[in-house]
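Peer 1:
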Amino acid sequence: MTALQSAALLLFINLGLLGLLMRIPLGVRTIRLTRTFQRPPEELWRAIDPAGTDADWHHSVISSKPLKNRTGIVEQIYSHLDRDGAPLRRLLALEPLPAAGGRGFRSRIADDSTLDLAFWRDFSESRIVRRLPDGAEIEITQTDRYRGLAFLLFRYVMLRRELRALEGWLETGASVPQGYFERPTFQCGLAAVSTFLLWPFFGLTTYGLMISTFLTLVIALHELGHLAAYRTFGHESVRMIFVPLLGGIAIGGRPYKSHFEVATCALMGPGISAFFVPILIAGDNIAAHGLLSEQFRGPLLIFLLILGAFNLLNLLPMQRFDGGQVLRQIFRTPRSLIGASFAITACILAIGWEVGVSSGILAAALAVFILLSM
C-alpha cells in the first residue's frame, strides 16, 4: 500500500468514525436498564425517589428536596460546578408513574443552572421499583433525541455506574466514584493503543512507528495546552480523554464563564505547541553545526513538521476546531465572521504553499476539513 493510499484509508476511517459518533441523526432513543437487589423495595424507593429521605445518597448529589412553594418540583444540588463556580442546581418536574407491583415516577428537567432548557427539550426519565420474592428490582428508562452514538453511549455508561454506586452504597453506606476510564493510567494505555493502531498506516517499520509515536505526542501536547488554560481560569479538576485513531479531548471542571475564557482555552491548544517550535529549530541548528549527532536531525525535523501541520490545521476556522471556537468569540456578526474565516484560511493555505505543499493536496485537505466541520 502506497503512502497516499494509507493516508486515504486513514482519512476514510476517521470520517466514518466521526460521522458515526457525532453526526448521524439517531432520532429519539430510549435507554433501559434493570438491576435486582436483595433489599426491601422501601429502602430502594427512599434512595431513587428525588423527594425521598435518602435521595442524596450519590456522591455527586449534595441535596435533593421538594420545593415547598411548587408542587411536584424537586430541587437537586450537585457537587459539579456551574459557570460561576457554584454547585450545579437543577429542578426536576415529577409525576407519579403507575407501575404494576411497585412504585415509580417520571421526571423532566424544569430548570438547570448550567445548560439551556433547549438541551433538555426531548429528555425524560422514569424510575420504577418493583417488589420481588427475594428483594426488589429497579428499572431506569431515559429517553432523548440523539445525534451520533457518542452521547448515547455516554449516558448508558453513566447509568451503569450509578447502579453500581447504588449497590456499593447499600452494602457499605458510602457512595464512591465508579469506573477506570478517566484514570491517567488507563488514558496512557489508550495513548499506546492509539500509537499502535496508527502504526500500520505509516508502514510497519521503525520509521512508521516513529511517526505514529510523534503524532500521539503532538496530540498529547495539544490537549495539555487546553488543560493548562483550564487550570489558569480556575477549573478545579481537568482531565484528558484519548480516543484511538481520532485524537484527544480535554475536559474542564465547569462550563465556560466568558467569551474570553472560551477563546483563550481554545487557542492554548495550538499555543502551547508553538513554544516547542523554536526549541526544535534550535536542536536542528545544533545538529547541523555538529554539536549534536547528525542522526537526531531527521527525527527533529519530522516532529517539527507533524507539530506544525497538526496545530495549523486545527486553527482552520471550522466549527469543531479550535480556530472556529476562537473566531466565534471575537467576531459577533455573520459578515465579520465570514471575512475573518476567509482571511485565516488564506493565511494557513499560504503557509502550506510556502513550505512546498502542492495546490492539489491543499485543495483536497481544505475540502476534507470543511466536510468535518459540517
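Read left to right, the sequence shown gives residues 768 to 1141 (my numbering). Where is the CB? At the ideal position from N, CA and C, for every residue including glycine.
1) For the beta strand (DSSP E) that H847 lies in, which residues bound it at each end?
2) Taking Cβ to Cβ, would you say V841 is nearer than 8 angstroms to A818?
3) Could you tell me which residues DSSP puts in a beta bridge with I1105?
4) Using the Cβ count rule (16 or more neighbours within 10 Å means buried), how would you classify R837?
5) Rounding to the nearest angstrom, what Cα-Cα distance links P967 and W824 in this structure?
6) Who are the near neighbours of A1041 in its chain, counting only those whose CB is closer than 8 angstroms to its CB and skipping five residues on each side?
7) Who are the Cβ neighbours of S773 in its own chain at under 6 angstroms, not counting the five residues just before and after it?
8) Checking the sheet assignment: what are the DSSP bridge partners for Y913?
9) Please state the DSSP three-state secondary structure of G975.
10) How about T980 and T952: are their beta carbons less than 8 angstroms apart?
11) So is W812 buried or exposed if we call it buried at 16+ other beta carbons inside 10 Å?
12) Would you mind working out which of S1004, L884 and E906 sits nearest R894, comparing C-alpha positions?
13) What residue does the alpha helix (DSSP H) around M1035 start on, and which one ends it?
14) Three Cβ pairs or more, each shorter than 8 angstroms: is that satisfied between the stretch 1046-1060 and the stretch 998-1014?
15) Note down the Cα distance separating C1114 from D816, rounded to an integer number of angstroms.
16) In the DSSP output, which residue or residues are listed as bridge partners for D879?
17) I want to know whether the stretch 915-922 touches the stretch 782-792 - three or more CB-CB distances under 8 angstroms.
18) I'd like the ranges of any beta strand (DSSP E) spanning at least 3 consecutive residues and lying wholly in the stretch 922-1000.
19) Three or more C-beta pairs under 8 angstroms: does that hold for the stretch 1059-1070 against the stretch 1012-1022?
20) Going by beta-carbon coordinates alone, are V896 and G869 separated by less than 8 angstroms?
21) Looking only at C-alpha atoms, which of G975, R927, G940 and L984 sits nearest to C955?
22) Looking at the structure shown, is R1021 part of a helix, part of a strand, or coil, going by DSSP?
23) Just reading off the beta strand (DSSP E) that E892 is part of, what are its end residues?
24) Could you tell me which of I1097, I780 and R806 sits nearest to P900, measuring between CA atoms?
25) Should P1037 and L1082 be called a contact, given that it needs their Cβ atoms to be closer than 8 angstroms?
Peer 2: This is what the structure holds:
1) I840 to L848
2) Contact flag set, yes.
3) BP columns for I1105 are empty, so no partner.
4) exposed
5) Taking the straight line from one Cα to the other gives about 48 angstroms.
6) The answer, listed in chain order, is N1078.
7) F968
8) G794
9) helix
10) In terms of Cβ geometry, T980 and T952 do not form a close pair [threshold 8 angstroms].
11) buried
12) E906
13) H1026 to A1041
14) Under the Cβ criterion (8 angstroms, minimum of three pairs), the stretch 1046-1060 does not count as touching the stretch 998-1014.
15) The alpha-carbon atoms of C1114 and D816 are separated by roughly 57 angstroms.
16) R857
17) yes
18) None, since the stretch 922-1000 contains no complete beta strand (DSSP E) of that length.
19) No: the two stretches stay apart, fewer than three of their Cβ pairs being nearer than 8 angstroms.
20) yes
21) L984
22) coil
23) S891 to L899
24) R806
25) Cβ atoms of P1037 and L1082: closer than 8 angstroms.
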